[in-house]
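Residues 49 to 246 (our numbering) are what the sequence shown spells out, left to right. The beta-carbon is built from N, C-alpha and C at its ideal position, and this holds for glycine as well. Every value quoted in this text rests on a predicted model; they were computed, and no experiment measured them.
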Amino acid sequence: MTVSPRLSPRLAQDQRGASVPEFALILIPLCLILFGGLDMGYQIYVRSVLLGAMERATRLTTLQTVDSTAVEDDIEATVQRLAPNATVRTTKGSFLQYSQINAMERLTKDSNNNGTLDSGDCWEDVDDNGERNVVTEGKTGIGGADDIVRYNTVVTYDRIVPIYRFVGIGNSVTLTATTMTRRQPYELQSVLTPKCKA
(Lines of atoms letter the chains of each structure in order from A; the text may use other names.)
(Lines give C-alpha, C1' and ligand atoms only; values in the text may rest on other atoms or scores of the structure.)
Protein backbone atom coordinates (compact mmCIF):
# COMPACT_ATOMS: atom_id res chain seq x y z
CA MET A 49 0.00 0.00 0.00
CA THR A 50 1.47 3.34 -1.02
CA VAL A 51 0.79 6.61 0.74
CA SER A 52 1.43 10.07 -0.63
CA PRO A 53 4.79 11.36 0.65
CA ARG A 54 3.14 14.69 1.52
CA LEU A 55 1.45 12.96 4.48
CA SER A 56 3.37 12.61 7.68
CA PRO A 57 6.42 10.32 7.33
CA ARG A 58 5.17 8.20 10.20
CA LEU A 59 1.87 7.52 8.42
CA ALA A 60 3.66 6.85 5.11
CA GLN A 61 5.81 4.14 6.71
CA ASP A 62 2.96 2.45 8.62
CA GLN A 63 2.23 -1.03 7.15
CA ARG A 64 -0.34 -2.22 9.71
CA GLY A 65 -3.43 -1.67 7.48
CA ALA A 66 -1.88 -3.13 4.34
CA SER A 67 -3.78 -6.43 4.58
CA VAL A 68 -7.26 -4.85 4.84
CA PRO A 69 -7.85 -4.56 1.05
CA GLU A 70 -6.62 -8.12 0.48
CA PHE A 71 -8.89 -9.42 3.22
CA ALA A 72 -11.83 -7.49 1.71
CA LEU A 73 -11.19 -9.21 -1.64
CA ILE A 74 -11.28 -12.72 -0.20
CA LEU A 75 -14.05 -12.11 2.35
CA ILE A 76 -16.98 -12.61 -0.05
CA PRO A 77 -15.69 -15.83 -1.65
CA LEU A 78 -14.70 -17.13 1.79
CA CYS A 79 -18.20 -16.45 3.17
CA LEU A 80 -19.79 -18.12 0.13
CA ILE A 81 -17.65 -21.22 0.67
CA LEU A 82 -18.39 -21.32 4.40
CA PHE A 83 -22.14 -20.77 4.01
CA GLY A 84 -22.27 -23.16 1.06
CA GLY A 85 -20.53 -25.83 3.12
CA LEU A 86 -22.89 -25.23 6.03
CA ASP A 87 -25.93 -25.46 3.74
CA MET A 88 -24.63 -28.61 2.04
CA GLY A 89 -23.79 -30.22 5.38
CA TYR A 90 -27.28 -29.49 6.70
CA GLN A 91 -28.82 -30.93 3.54
CA ILE A 92 -26.75 -34.11 3.89
CA TYR A 93 -27.75 -34.39 7.55
CA VAL A 94 -31.48 -33.97 6.80
CA ARG A 95 -31.17 -36.57 4.03
CA SER A 96 -29.46 -39.06 6.34
CA VAL A 97 -32.19 -38.55 8.97
CA LEU A 98 -34.83 -39.07 6.25
CA LEU A 99 -33.15 -42.28 5.09
CA GLY A 100 -32.99 -43.52 8.69
CA ALA A 101 -36.71 -42.84 9.12
CA MET A 102 -37.40 -44.69 5.87
CA GLU A 103 -35.38 -47.70 7.06
CA ARG A 104 -37.38 -47.76 10.29
CA ALA A 105 -40.60 -47.56 8.23
CA THR A 106 -39.40 -50.53 6.19
CA ARG A 107 -38.80 -52.62 9.29
CA LEU A 108 -42.19 -51.70 10.77
CA THR A 109 -44.05 -52.40 7.53
CA THR A 110 -42.97 -56.04 7.47
CA LEU A 111 -45.11 -56.75 10.54
CA GLN A 112 -48.69 -58.00 10.34
CA THR A 113 -50.12 -55.52 12.84
CA VAL A 114 -48.55 -52.35 11.45
CA ASP A 115 -50.58 -49.13 11.24
CA SER A 116 -49.46 -47.48 8.00
CA THR A 117 -50.67 -44.05 9.12
CA ALA A 118 -48.50 -44.30 12.24
CA VAL A 119 -45.51 -45.18 10.04
CA GLU A 120 -46.08 -42.08 7.89
CA ASP A 121 -46.50 -39.92 11.00
CA ASP A 122 -43.22 -41.31 12.37
CA ILE A 123 -41.37 -40.36 9.16
CA GLU A 124 -42.80 -36.84 9.31
CA ALA A 125 -42.06 -36.38 13.03
CA THR A 126 -38.49 -37.63 12.63
CA VAL A 127 -37.71 -35.22 9.79
CA GLN A 128 -39.46 -32.29 11.45
CA ARG A 129 -37.37 -32.67 14.61
CA LEU A 130 -34.44 -31.53 12.48
CA ALA A 131 -36.26 -29.30 9.97
CA PRO A 132 -39.32 -27.98 11.86
CA ASN A 133 -40.91 -26.16 8.93
CA ALA A 134 -40.35 -28.94 6.42
CA THR A 135 -43.19 -30.27 4.30
CA VAL A 136 -43.15 -34.07 4.32
CA ARG A 137 -45.29 -35.97 1.80
CA THR A 138 -45.26 -39.78 1.88
CA THR A 139 -47.00 -42.07 -0.58
CA LYS A 140 -47.13 -45.83 -0.43
CA GLY A 141 -48.13 -48.57 -2.80
CA SER A 142 -48.06 -52.36 -2.86
CA PHE A 143 -47.22 -54.96 -5.47
CA LEU A 144 -47.49 -58.74 -5.50
CA GLN A 145 -44.10 -59.23 -7.20
CA TYR A 146 -41.01 -57.15 -7.87
CA SER A 147 -41.44 -57.76 -11.61
CA GLN A 148 -44.68 -55.73 -11.57
CA ILE A 149 -42.93 -52.50 -10.57
CA ASN A 150 -42.66 -50.05 -13.49
CA ALA A 151 -43.99 -52.70 -15.87
CA MET A 152 -47.05 -52.86 -18.11
CA GLU A 153 -49.88 -54.85 -16.57
CA ARG A 154 -49.94 -58.36 -18.04
CA LEU A 155 -52.69 -59.49 -20.39
CA THR A 156 -54.24 -62.78 -19.25
CA LYS A 157 -56.48 -63.11 -22.31
CA ASP A 158 -55.58 -61.60 -25.68
CA SER A 159 -58.24 -62.72 -28.18
CA ASN A 160 -56.46 -61.54 -31.33
CA ASN A 161 -52.84 -61.75 -30.03
CA ASN A 162 -52.04 -58.11 -30.83
CA GLY A 163 -50.65 -57.28 -27.36
CA THR A 164 -53.13 -54.48 -26.70
CA LEU A 165 -56.24 -54.46 -24.55
CA ASP A 166 -59.24 -54.86 -26.87
CA SER A 167 -62.87 -55.58 -26.15
CA GLY A 168 -63.16 -59.03 -24.56
CA ASP A 169 -59.50 -59.10 -23.43
CA CYS A 170 -58.53 -59.50 -19.75
CA TRP A 171 -55.58 -58.17 -17.72
CA GLU A 172 -54.10 -58.19 -14.22
CA ASP A 173 -55.04 -54.82 -12.72
CA VAL A 174 -52.08 -54.55 -10.32
CA ASP A 175 -52.78 -50.98 -9.20
CA ASP A 176 -56.57 -51.52 -9.12
CA ASN A 177 -57.37 -48.40 -11.15
CA GLY A 178 -59.53 -50.09 -13.80
CA GLU A 179 -57.12 -49.32 -16.64
CA ARG A 180 -54.27 -51.26 -18.23
CA ASN A 181 -51.16 -49.17 -17.74
CA VAL A 182 -47.53 -49.16 -16.60
CA VAL A 183 -47.62 -49.66 -12.83
CA THR A 184 -45.59 -46.95 -11.11
CA GLU A 185 -47.29 -46.40 -7.76
CA GLY A 186 -48.83 -49.81 -7.09
CA LYS A 187 -52.07 -50.50 -5.29
CA THR A 188 -52.84 -47.85 -2.67
CA GLY A 189 -51.85 -48.90 0.84
CA ILE A 190 -49.39 -51.44 2.21
CA GLY A 191 -51.10 -54.53 0.84
CA GLY A 192 -51.26 -57.83 2.65
CA ALA A 193 -49.10 -60.80 3.53
CA ASP A 194 -45.99 -61.33 1.39
CA ASP A 195 -46.68 -58.17 -0.67
CA ILE A 196 -43.97 -55.73 -1.67
CA VAL A 197 -44.46 -52.24 -0.24
CA ARG A 198 -42.80 -49.14 -1.65
CA TYR A 199 -42.67 -45.87 0.29
CA ASN A 200 -41.83 -42.61 -1.51
CA THR A 201 -41.18 -39.56 0.65
CA VAL A 202 -40.59 -36.02 -0.59
CA VAL A 203 -39.27 -33.45 1.90
CA THR A 204 -39.20 -29.73 1.11
CA TYR A 205 -37.70 -27.12 3.43
CA ASP A 206 -36.27 -23.59 3.21
CA ARG A 207 -32.50 -23.19 3.19
CA ILE A 208 -30.98 -22.24 6.55
CA VAL A 209 -28.62 -19.61 5.13
CA PRO A 210 -29.49 -17.10 2.38
CA ILE A 211 -26.77 -18.32 0.04
CA TYR A 212 -29.33 -18.75 -2.74
CA ARG A 213 -29.33 -14.97 -3.24
CA PHE A 214 -25.68 -15.00 -4.25
CA VAL A 215 -25.28 -18.17 -6.31
CA GLY A 216 -28.59 -18.37 -8.18
CA ILE A 217 -30.12 -21.46 -6.61
CA GLY A 218 -33.62 -21.87 -5.23
CA ASN A 219 -34.72 -20.81 -1.75
CA SER A 220 -35.97 -24.31 -0.92
CA VAL A 221 -34.43 -27.78 -0.92
CA THR A 222 -36.33 -30.86 -2.06
CA LEU A 223 -35.15 -34.30 -1.00
CA THR A 224 -36.64 -37.58 -2.20
CA ALA A 225 -36.22 -41.03 -0.69
CA THR A 226 -37.67 -44.37 -1.74
CA THR A 227 -37.60 -47.70 0.03
CA MET A 228 -39.09 -51.13 -0.62
CA THR A 229 -39.66 -54.22 1.46
CA ARG A 230 -41.55 -57.49 1.34
CA ARG A 231 -44.05 -58.01 4.15
CA GLN A 232 -43.93 -61.13 6.31
CA PRO A 233 -45.81 -64.17 4.94
CA TYR A 234 -48.16 -64.39 7.93
CA GLU A 235 -50.85 -65.85 5.65
CA LEU A 236 -51.27 -66.76 1.98
CA GLN A 237 -50.68 -63.91 -0.42
CA SER A 238 -53.78 -62.65 -2.20
CA VAL A 239 -54.17 -63.48 -5.89
CA LEU A 240 -55.11 -60.94 -8.53
CA THR A 241 -58.48 -61.51 -10.15
CA PRO A 242 -58.19 -60.57 -13.83
CA LYS A 243 -60.43 -57.79 -15.09
CA CYS A 244 -61.93 -57.88 -18.57
CA LYS A 245 -62.69 -55.04 -20.95
CA ALA A 246 -66.31 -55.00 -22.08
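Beta-carbon contacts of residue i that lie in its chain and below 8 angstroms, excluding the five residues immediately before and after
{"i": "Val114", "result": "Leu108 and Ile190"}
{"i": "Lys187", "result": "Gly141, Ser142, Phe143, Val174, Asp175 and Asp176"}
{"i": "Asn219", "result": "Asp206, Arg207 and Tyr212"}
Close-in-space but distant-in-sequence residues of the same chain around residue i (CB under 7 angstroms, 5 per side omitted)
{"i": "Pro57", "result": "none"}
{"i": "Ser238", "result": "Gly192"}
{"i": "Phe83", "result": "Val209 and Ile211"}
{"i": "Ser159", "result": "Asp166, Gly168 and Asp169"}
Beta bridge counterpart(s) of residue i as assigned by DSSP
{"i": "Asn200", "result": "Thr139 and Thr226"}
{"i": "Ser220", "result": "Asp206"}
{"i": "Cys244", "result": "Cys170"}
{"i": "Thr188", "result": "Gly141"}
Nearest-angstrom Cβ-Cβ length linking residue i and residue j, presumed shorter than 8 angstroms
{"i": "Glu153", "j": "Arg129", "result": "40 angstroms between Cβ atoms; not a contact."}
{"i": "Thr106", "j": "Gln232", "result": "No, Thr106 and Gln232 are not in contact; Cβ-Cβ is about 12 angstroms, not under 8 angstroms."}
{"i": "Ile123", "j": "Ala101", "result": "5 angstroms"}
{"i": "Thr126", "j": "Val94", "result": "That belief does not hold up - the Cβ atoms of Thr126 and Val94 are roughly 10 angstroms apart, past 8 angstroms."}
{"i": "Thr204", "j": "Thr229", "result": "No, Thr204 and Thr229 are not in contact; Cβ-Cβ is about 25 angstroms, not under 8 angstroms."}
Where residue i falls: helix, strand or coil (DSSP)
{"i": "Tyr234", "result": "coil"}
{"i": "Thr113", "result": "coil"}
{"i": "Thr156", "result": "strand"}
{"i": "Asp206", "result": "strand"}
{"i": "Val94", "result": "helix"}
{"i": "Val127", "result": "helix"}
{"i": "Thr106", "result": "helix"}
{"i": "Val183", "result": "coil"}
{"i": "Arg64", "result": "coil"}
{"i": "Gly178", "result": "coil"}
{"i": "Ile81", "result": "helix"}
{"i": "Ile74", "result": "helix"}
{"i": "Ala118", "result": "helix"}
{"i": "Val215", "result": "helix"}
{"i": "Gly163", "result": "coil"}
{"i": "Pro57", "result": "helix"}
{"i": "Pro69", "result": "helix"}
Cutoff 6 angstroms; reference residue i; Cβ partners in own chain excluding five residues on either side
{"i": "Val202", "result": "Arg137 and Thr224"}
{"i": "Thr295", "result": "Residue 295 lies beyond the stretch modelled for the chain, which goes from 49 to 246, so this question has no answer here."}
Residue closest to residue i, alpha-carbon to alpha-carbon, out of the options
{"i": "Val215", "options": "Ile76, Ser67 and Thr229", "result": "Ile76"}
{"i": "Arg104", "options": "Val183, Glu120 and Ile149", "result": "Glu120"}
{"i": "Thr156", "options": "Glu235, Gly85, Leu240 and Leu73", "result": "Leu240"}
{"i": "Arg198", "options": "Pro210, Trp171 and Gln145", "result": "Gln145"}
{"i": "Ala134", "options": "Gly163, Glu185, Ala118 and Gln91", "result": "Gln91"}
{"i": "Asp169", "options": "Leu86, Val182 and Pro242", "result": "Pro242"}
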